[in-house]
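Numbering (our numbering), first residue to last: 58 to 498.
Heads up, the beta-carbon is just placed ideally off N, CA and C, and yes, glycines get one too.
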Amino acid sequence: MFKTIIDAWKLPEVRKRLLFTLLLIIVFRFGTHISVPFVNLGLLNRIASQAGEGVMGLVNLITGGAFSRLSIFAMSISPYISASIIVQLLGMLIPSLEVMMKEGGEQAKSKINKYTKIITLLLAAVQGTGLYIGFSQQGLFTETSIVAGIAVVVALVAGTAFLTWLGEQITKKGIGNGISLLIFAGIVASVPNQLISLMGAVVENGKLNITNLITAVSIIISVVVLVTSVVYVHIAERRIPIQYARKIVGRKMYGGQNTYIPIKPVMAGVMPVIFASSFITFPAMIIQIFFANHINNGGLVSGLYKLSVATSLNSVSGWYLAGHAIFYMILIIVFTFFYTLAVFNPAEIATNIKQNGGYIPGIRAGKPTVDYLSNVVIKLTAFGSLFLCFVAIVPMIARIFTSANIGFGGTSILIIVGVAIETVLQLESQLKLRHYKGFLE
C-alpha cells in the first residue's frame, strides 16, 4: 500500500490531482470559520457550546462545525443534495427529462446539471431565509433590517453555491467525488473532539472510571468490526459471466472471449445514507427555526422533533429511538433501490449484450436476460440496503439497551468508509492506466 502511494506521488498528473483535492478541502475547512455578517458573537458562542444537543449536533457533524458557527457554509451542500433528489424524481415523472437522463451524453448531462444548480439556488434561498428569520427571532443577529437580512441570505446562498462549485472542481480535476469528499471532510474534522470526549469520560477528575473504560473499549471494538465489514461489502461484487459468439471475417476469427458484468451489493455507494440523513433531519431543522418555543411542551411538534433527531438528544425515550431507527431504515432502503435503479438498467444492458453478439450462459437473450439481471440486482440491493440499515442503527440499538450516547454513529462510519473506498478505487484506476498496481492488488 505504501509503495503504491509512493508510486502515485511520483506521477506528476496524479500528484497534481491529489494536491488540488487537498487544497480545496483546506479552503472548505477555512470557510467554516467565516461567519455571516451581523452575528451576535456572544450568543453564538453560547449556542455553539450546546451544539451537541438536538439537530444542531446532527447537522453540525455533517457541516464540520460550520452550522454552530453560522458560517457562510452553514447550509453546506444540503440544498444541492435535495435538488439532486428532486431532479431524479422529476425524471421519473417527466418523459422528456427521463429520455434526457437515459441518453447520458455530454449535452444531456450539462442540461441536467444546469437544472440541478437552479433548483439548488432556489432551495438555498428558501432555507437561508428560514435560517435568518428563525435565528433573528432568537436574537442571534445584531441587525434585523431588510438590508441585513438580504446580506445574510446572500452570504448563505453564496456559500452553498461556492461549495457546489468546489465539489464539481474536485470531481473534474481532483480525486474522488467532490460532494461526497466535502461531507467526508466535515465528519472527519469532528473525530478529534469525539476521541477527546471519549477519553474524558474514561478519566474523570484524574481517576479511572472502569465502567466508562469498558464502554469505551466496547465502542472501539465495535467501530473496528463495523469498518471492516463495510469495507468488505463495498468491494464485494457478483460477477455475471458473458460469452460472446465467435465471428469469422475473411480468414480471421473474432470474438469468443469471456467477460463478466460486476454487480455490487451497494452500487449506490454512500448516497442513500447521505440522502436519508438529509431527509430525516429536515423536519427538526424547520421546527428548531420556526417553532423553537414548542420543542419542550410535550405536544405534536415536540414529538416530531424528538423523533427526527432522537439519536442526538442526551435524554430521550427508547420509543423515539426505535421510531427514528425504523423511519431511518425505510428511507435508506427506499433511496438504495431508487439510486440503484437509476444507475443500473437491466433492459438496456441486456440490449447491449445482444447487439454485441453476447449472452449469459444458460439464459436466453431478450426478456429472460432482463428478468435474470433484474432478479440478481434486486436480491443484491436488498442485501446491501439491509446491511446499510444494520450499520446505521447499531449505535441506536446499543443506546436503547445501554443508555450509551455514541456521537460517532453508524451513519458517520458508512460515509467515511464509503467515500474513502470510492476515492481509493478512483486513485487505483488512475494508477492502472499508467501500468501501476492498485491499492487492492
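Sequence-distant residues of its chain with Cβ nearer than 6 Å to residue i (five each side left out)
i           : result
residue 76  : none
residue 421 : none
residue 478 : 291
residue 415 : 299, 301
Cβ-based neighbour list, residue i, same chain, cut-off 8 Å, excluding 5 preceding and 5 following
i           : result
residue 404 : 427
residue 314 : 301
residue 51  : The requested residue 51 does not occur in the structure, where the chain is confined to residues 58 to 498.
residue 182 : 210, 214
residue 197 : 96, 97, 100, 101, 104, 127
Where the beta strand (DSSP E) through residue i begins and ends
i           : result
residue 234 : Per DSSP, residue 234 belongs to no beta strand (DSSP E) and is neither H nor E.
residue 296 : 295–301
residue 352 : Per DSSP, residue 352 belongs to no beta strand (DSSP E) and is neither H nor E.
Contacting residues, own chain, Cβ-Cβ under 7 Å from residue i (five flanking each side not counted)
i           : result
residue 172 : 144
residue 386 : 446, 450
residue 504 : Nothing in the structure corresponds to residue 504, since the chain is present only between 58 and 498.
residue 471 : 287, 327, 330, 445, 448, 449
residue 497 : With a pLDDT of 48 at residue 497, under the threshold of 50, the modelled position of this residue cannot be trusted; read the value that follows with caution. Here the set comprises 292, 485.
residue 340 : 361, 365
residue 67  : none
Among the options, the one whose alpha carbon lies nearest that of residue i
i           : options            : result
residue 397 : 218, 443, 329, 271 : 329
residue 223 : 81, 479, 433, 442  : 81
residue 217 : 174, 203, 231      : 174
residue 337 : 382, 150, 402      : 382
residue 429 : 399, 289, 417, 453 : 417
residue 296 : 206, 434, 342, 148 : 434
residue 294 : 226, 440, 84       : 440
residue 84  : 250, 129, 69       : 129
residue 289 : 438, 168, 319, 475 : 475
Cβ-Cβ distance between residue i and residue j below 9 Å
i           : j           : result
residue 451 : residue 283 : yes
residue 177 : residue 140 : yes
residue 209 : residue 188 : yes
residue 221 : residue 134 : yes
residue 97  : residue 199 : yes
residue 71  : residue 488 : yes
Element boundaries [alpha helix (DSSP H), containing residue i]
i           : result
residue 408 : 403–412
residue 473 : 467–490
residue 531 : In the structure displayed, the chain extends from 58 to 498; residue 531 sits before or after that span and is not available.
residue 140 : 135–150
residue 365 : 357–365
For residue i, the residue or residues it bridges with in DSSP
i           : result
residue 92  : 128
residue 198 : 96
residue 317 : 298
residue 429 : According to DSSP, residue 429 bridges with nothing at all.
residue 415 : 301
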